[in-house]
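Asker: Please see the structure below; I have some questions.
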Amino acid sequence: MALLTVVRPLRVSLQQHSTRPVCRSFFGYFQSPSPAVAAAAPRRSFSNYLVTPKELLEALKKSPPSPISPEPRVIPLCASWFLPNDPEGRTGLQVFREKRIPKARFFDLDKVIDKRSPYPHMLPSPKHFAEAMSELGIRREDTVVVYDSRELGIFSAPRVGWTLKVFGHPSVHILNNFRLWVDQGLPTESGNVWTVECGPYPIPEMDDAKVASYEEVREVALDYKKEGAEGVQILDARSHGRWTGKAPEPRPGLSSGHIPGSINIPFDSVLDPETKAFLPTEKLRGLFAKSGVDPAKPIIASCGTGVTACVLETALSEAQYGSPESRKVYDGSWTEWAQRVAPSESLIREEE
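What follows is the structure in structure tokens.
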């Protein structure tokens, strides 16, 4: 059965008040090319999920995000995002305007979400995802390299990269990282207005096997320490203070603590303290082993809202630690958990 595709008019600009290009006028649907035709299209790819600044620069020279060329392109995608309690009040769009990779697009993590959900950053519907990709001028055959702000190094880009993989984008990578890109003196641009060519993006199917639901995590928590339990491991990427319940959550009114049996691996522990790039493979493997993570057992990554959980998922992937088929991300994470569990269930624990 052919996929449906969102069709948008061409050429739109990001104005000062916008977070991403908005295609006006109509949109409709048409059949996307057959899988055989799509597979026949040439594709430029990187050897690894994590891409160095030098590798991205060379790829952009060979396959720039030109609006004219029908060939697959390399598209830098800025996914900068800051916590709501950021001490400097920064926003992703602000830092995108201040300094970005030339011709990059901006993926707004606060906009491309399930707007019906009471929880932040829940995955959007396939149709909403396709609309966002269309408005960003990204084609399914393009190679997308997601990157973060220079200020944070690695933070929210893995979440957007994971989202693209959940919706089956064939070629997606993470820049490791924009801080190094800037420090190495590679090209940047700034400003409020840029132009893209909007185009069709097929409405995909969601890969549910990559996503852990509240019900699934609750079952794991209820089985903790029970004989015969499957041994699913929950990794929590929040700070140790939030995990123990001694530090507050950044969202007012939300209790801190942790899911019973979860293993606390703060997301910044998998990053170099200076460059904020991912640690080398062997150091990542050593860190997971020292933390008691068994690569032979299923793993669910969690955090505050499902953002930095994807930092751990990316680190697990880079370290080849655990089977990709048995690793998931808890989409709702602690924000959903703390609001849904009943007090009588004792499913919010403090330091044990």
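Residue numbers for the sequence shown follow this note's numbering, so the first one is -18 and each next one is one higher.
Even glycine gets a Cβ: it sits at the ideal position worked out from N, Cα and C.
Quick check on Lys206: buried or exposed, where buried means 16 or more other Cβ atoms within 10 Å of its Cβ?
Answerer: The residue labelled residue 206 in the question sits at position 225 within the sequence shown. It counts as exposed.
Asker: Do you know whose CA, among Pro168, Ala111, Glu112, Leu216, lies nearest Lys42's CA?
Answerer: Stepping through the sequence shown from its first residue, residue 42 is reached at position 61. The option with the nearest alpha carbon to Lys42 is Pro168.
Asker: Taking only three categories from DSSP, how would you classify Glu255?
Answerer: For the purposes of this step, residue 255 is taken as the residue at position 274 of the sequence shown. Coil, per DSSP.
Asker: Could you check the C-alpha separation between Leu104 and Phe27 for me, to the nearest Å?
Answerer: Position 123 of the sequence shown, counted from the first residue, corresponds to residue 104. Position 46 of the sequence shown, counted from the first residue, corresponds to residue 27. Roughly 26 Å separates the two Cα atoms.
Asker: Applying the 10 Å Cβ sphere with the 16-neighbour rule, what's the burial state of Glu39?
Answerer: Counting from 1 along the sequence shown, the entry for residue 39 is found at position 58. The residue is exposed, with fewer than 16 neighbouring Cβ atoms inside 10 Å.
Asker: Looking only at C-alpha atoms, which of Ser283, Asp204, Lys108, Gly313 sits nearest to Glu186?
Answerer: Start at 1 with the first residue of the sequence shown, and residue 186 comes out as number 205. It is Lys108.
Asker: Taking contact to mean 3 or more Cβ pairs, one atom from each stretch, closer than 8 Å, check whether the region 239 to 247 and the region 113 to 121 are in contact.
Answerer: No, the region 239 to 247 does not touch the region 113 to 121.
Asker: Alpha carbon to alpha carbon, how far is Thr262 from Asp95? Give it in angstroms, no decimals.
Answerer: By one-based count along the sequence shown, residue 95 stands at place 114. By one-based count along the sequence shown, residue 262 stands at place 281. Near 34 Å, if we compare the C-alpha coordinates of Thr262 and Asp95.
Asker: Provide the residue(s) that pair with Phe87 in DSSP beta bridges, ordered along the chain.
Answerer: Taking the first residue of the sequence shown as 1, we reach residue 87 at position 106. Phe87 is bridged to Cys59.
Asker: Would you tell me roughly how many angstroms separate the C-alpha atoms of Phe136 and Ser171, rounded to the nearest one?
Answerer: Translated into the one-based positions of the sequence shown, residue 136 becomes position 155. Translated into the one-based positions of the sequence shown, residue 171 becomes position 190. Near 21 Å, if we compare the C-alpha coordinates of Ser171 and Phe136.
Asker: Can you grab the Cα-Cα spacing for the pair Gln12 / Phe88, in whole Å?
Answerer: Taking the sequence shown and counting its residues from 1, the one referred to as residue 12 is at position 31. Taking the sequence shown and counting its residues from 1, the one referred to as residue 88 is at position 107. Its pLDDT being 35, under 50, Gln12 is placed unreliably by the model, and the measurement read from it follows with that caveat. Rounded to whole angstroms, Gln12 to Phe88 spans 26 Å at the Cα level.
Asker: Contact check, Arg121 vs Pro46 under 8 Å by CB: the rounded distance?
Answerer: Within the sequence shown, residue 121 is the residue found at index 140, counting from 1. Within the sequence shown, residue 46 is the residue found at index 65, counting from 1. About 14 Å; that fails the 8 Å criterion.
Asker: Mind reading off the beta-carbon distance from Ile329 to Val198? Whole number of angstroms is fine, and I expect it under 8 Å.
Answerer: What you label residue 329 is simply residue 348 of the sequence shown in a count that begins at 1. What you label residue 198 is simply residue 217 of the sequence shown in a count that begins at 1. Not really, about 13 Å apart at Cβ, beyond 8 Å.
Asker: Compute the beta-carbon to beta-carbon distance between Leu58 and Val163, rounded to the nearest angstrom, for a pair I have assumed lies under 8 Å.
Answerer: For the purposes of this step, residue 58 is taken as the residue at position 77 of the sequence shown. For the purposes of this step, residue 163 is taken as the residue at position 182 of the sequence shown. Their Cβ separation, rounded to whole angstroms, is 17 Å, which puts Leu58 and Val163 out of contact at 8 Å.
Asker: With distances taken from CA atoms, which of Glu178, Ile215, Pro247 is nearest Pro51?
Answerer: In the sequence shown, counting from the first residue as 1, residue 51 sits at position 70. Among Glu178, Ile215, Pro247, the Cα nearest to that of Pro51 belongs to Glu178.
Asker: Look at the alpha carbon of Asp91 and the alpha carbon of Val141, and state the distance between them as a whole number of angstroms.
Answerer: On the sequence shown, residue 91 is found 110 positions in, with the first residue counted as 1. On the sequence shown, residue 141 is found 160 positions in, with the first residue counted as 1. Cα to Cα, the separation comes out at about 11 Å.
Asker: May I have the straight-line CA-CA distance separating Gly303 from Ala270, to the nearest angstrom?
Answerer: On the sequence shown, position 322 is the one that residue 303 refers to. On the sequence shown, position 289 is the one that residue 270 refers to. Taking the straight line from one Cα to the other gives about 11 Å.
Asker: Have a look at Thr316, Leu252, Arg308 and flag the residue whose alpha-carbon is nearest the alpha-carbon of Pro276.
Answerer: Position 295 of the sequence shown, counting from 1, holds the residue named residue 276. Checked all of Thr316, Leu252, Arg308; the closest Cα to Pro276 is Arg308.
Asker: Counting only runs that start and end within the region 266 to 330, where is the alpha helix (DSSP H) found for 4 or more residues in a row?
Answerer: Runs of the alpha helix (DSSP H) inside the region 266 to 330: 290 to 300, 314 to 321.
Asker: Measuring CB to CB, does Tyr311 end up less than 9 Å from Ala296?
Answerer: If you number the sequence shown from 1, residue 311 lands on position 330. If you number the sequence shown from 1, residue 296 lands on position 315. Contact: no.
Asker: Take every Cβ of the region 211 to 231, pair it with every Cβ of the region 241 to 255, and state whether three or more of those distances are shorter than 8 Å.
Answerer: In short, these stretches touch, since the Cβ pair count reaches three.
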